[in-house]
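Working notes, structure below.
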Amino acid sequence: MIPLNPLANLATHEVTNMPPHLGDQDLWSGDLALREGIKREGGGWAADKLAVFGRIAGSAEIFEKADQANKHTPEIKTFDRYGMRVNQVEFHPAYHDLMAVAIENEVPSFAWNHPQPGAQVAHAALTYMFNQPEGGVLCPMAMTYSAIPPLRMAGAVGDEWIPRLLSTSYDPRDIPVEQKSGATMGMFMTEKQGGSDVRTNTTRAVSDEDGYRLTGHKYFCSAPMCDAFLTLAYSEGGLSCFLVPRWTPNGERNSLNIQRLKDKLGNRSNASSEMEFLDTWGVMVGEEGRGIRTIIDMVQGNRYYCCFSSAALMRQGLVQALHHTAHRTAFQKKLIDQPLMKNVLADLAIEVEAALTLTLRIGRAMDEAEGDESAAALT
Ligand SMILES: Cc1cc2nc3c(=O)[nH]c(=O)nc-3n(C[C@H](O)[C@H](O)[C@H](O)COP(=O)(O)OP(=O)(O)OC[C@H]3O[C@@H](n4cnc5c(N)ncnc54)[C@H](O)[C@@H]3O)c2cc1C
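full-length UniProt numbering puts the first residue of the sequence shown at 1, with every later residue one more than the last.
The structure is reproduced here in structure tokens:
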């Protein structure tokens, strides 16, 4: 929260020439490029919802929670106090509050819950606004959103999981998903010997009477408290995609053995872990031996999130820079009026609008991709 009446007259000096707190931002009505872009690319019908969410996401309270969630970073809790393995990660309460705000406002589910032309574009706007205060929770949001296309091709498994992922209720409890009001999904592909080139995966999947048992490791597993994960492993027929839940269908903790959390440079509110599978239960998704083809739709959704999340970070950087330079004086002028600073700020503004424009254009292509080859080529 913005502190009430902070003291400027300190014992040794007076604090001057500092900008005031930025306070509440309206991330929708204060962003002309966003409003025009959404209308241009076909998402204008969602303007009322976006206007409400722009005020929520831009509130000083949400920025404060984001600050807390990134300062008090997640901690691994491998075992309970009596030495039994739980494979959990504990988060600051602010992280859970942010997750709840995102899920309740359909940040991971809007496009799928409101299928119509412009849905992907409006979805991008929700995420673009939420990513400005906080990028960490956007990781499970991106993966939950992106899991829908491969799950739609997954028959009964998809029918079971999709409604949970599209729920607008955040349920952080580590219990079997059947007892929860909503769920999130992650993605484990990267192994030590290869991230981009996942054909080098060494994890093996052996057919069992009720599914598959996976053994191996994954080296970059973000949001490991999600309820399930799509992952890759070699089965008899080649590299295949599997859904691995935190809890097996018979109500036991699945063998998702978190080894450690990464000490990352950024995105610190989000836990990224290293994981070992040992006879981990999973069910195959898509065709055997076509794992990359199956999971690539999830990868594509994540790439889309990377586009508008990056544009969002740039936008908030610009907002902060404009605020600071508008209130800070150097050499008898506000910084914003100094010619070279004007050049810098104008460059930033152009880059931000370019990134946003490109992202929203891709969103429209995603909306039009089905049945339109040239649109599909843009996605
Ligand atoms: C914050 C964060 C969260 C992550 N979360 C997850 C997660 O949840 N699940 C998951 O599976 N992974 C996750 N990753 C891992 C990420 O997806 C991999 O880092 C990524 O796929 C790249 O793999 P790599 O790091 O092994 O790099 P490499 O594949 O070794 O590539 C190294 C460099 O070479 C470049 N390169 C690769 N191939 C080519 C080529 N053919 N031509 C030219 N250049 C090339 C790459 O762009 C990269 O710059 C996460 C990474 C980060 C940073």
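For each residue, glycine too, the CB sits at the ideal point set by N, CA and C. Because the structure is a prediction, the values reported are computed rather than measured.
heavy atom of ligand 1 below 7 Å from residue i C-beta
i	result
leucine 187	Correcting the residue identity first, residue 187 is methionine in this sequence and not leucine. Yes, the Cβ of methionine 187 comes within 7 Å of a heavy atom of ligand 1.
glycine 291	no
aspartate 227	no
cysteine 221	yes
glycine 54	no
methionine 264	A small fix is needed here, since residue 264 is lysine in this sequence, not methionine. Checking the Cβ of lysine 264 against ligand 1 gives yes.
threonine 190	yes
serine 272	yes
serine 109	no
asparagine 267	yes
serine 146	no
glycine 237	no
glycine 282	no
aspartate 97	no
Buried/exposed call for residue i, threshold 16 Cβ in 10 Å
i	result
threonine 184	buried
glutamine 132	buried
residue 389	Within the shown structure, residues of the chain are numbered from 1 to 379, placing residue 389 beyond reach of any answer.
alanine 311	buried
aspartate 263	exposed
glutamine 316	buried
isoleucine 350	exposed
tyrosine 82	exposed
valine 344	exposed
arginine 152	exposed
leucine 265	exposed
aspartate 227	buried
valine 137	buried
histidine 13	exposed
isoleucine 175	exposed
Bounding residues of the beta strand (DSSP E) (the contiguous stretch that carries residue i)
i	result
proline 93	Careful: proline 93 lies outside any beta strand (DSSP E), inside the alpha helix (DSSP H) at 93 to 104.
residue 409	In this structure the chain extends from 1 to 379, so residue 409 is not present and cannot be described.
methionine 185	185 to 188
proline 140	Unbroken run through proline 140 is the alpha helix (DSSP H), 138 to 146; no beta strand (DSSP E).
serine 272	272 to 285
leucine 239	238 to 245
threonine 231	228 to 235
alanine 205	204 to 208
serine 222	211 to 222
leucine 27	From DSSP, leucine 27 is part of no beta strand (DSSP E); its letter is neither H nor E.
isoleucine 258	256 to 261
Range covered by the alpha helix (DSSP H) that runs through residue i
i	result
methionine 129	119 to 130
valine 157	155 to 165
asparagine 113	110 to 113
alanine 377	373 to 378
Problem set entry | Runs of alpha helix (DSSP H) wholly within the segment 313 to 369 (minimum 4 residues, chain order) | 339 to 368
Problem set entry | Every unbroken alpha helix (DSSP H) within the segment 31 to 98, with a cutoff of 4 residues, ordered by chain | 32 to 40, 47 to 57 and 60 to 71
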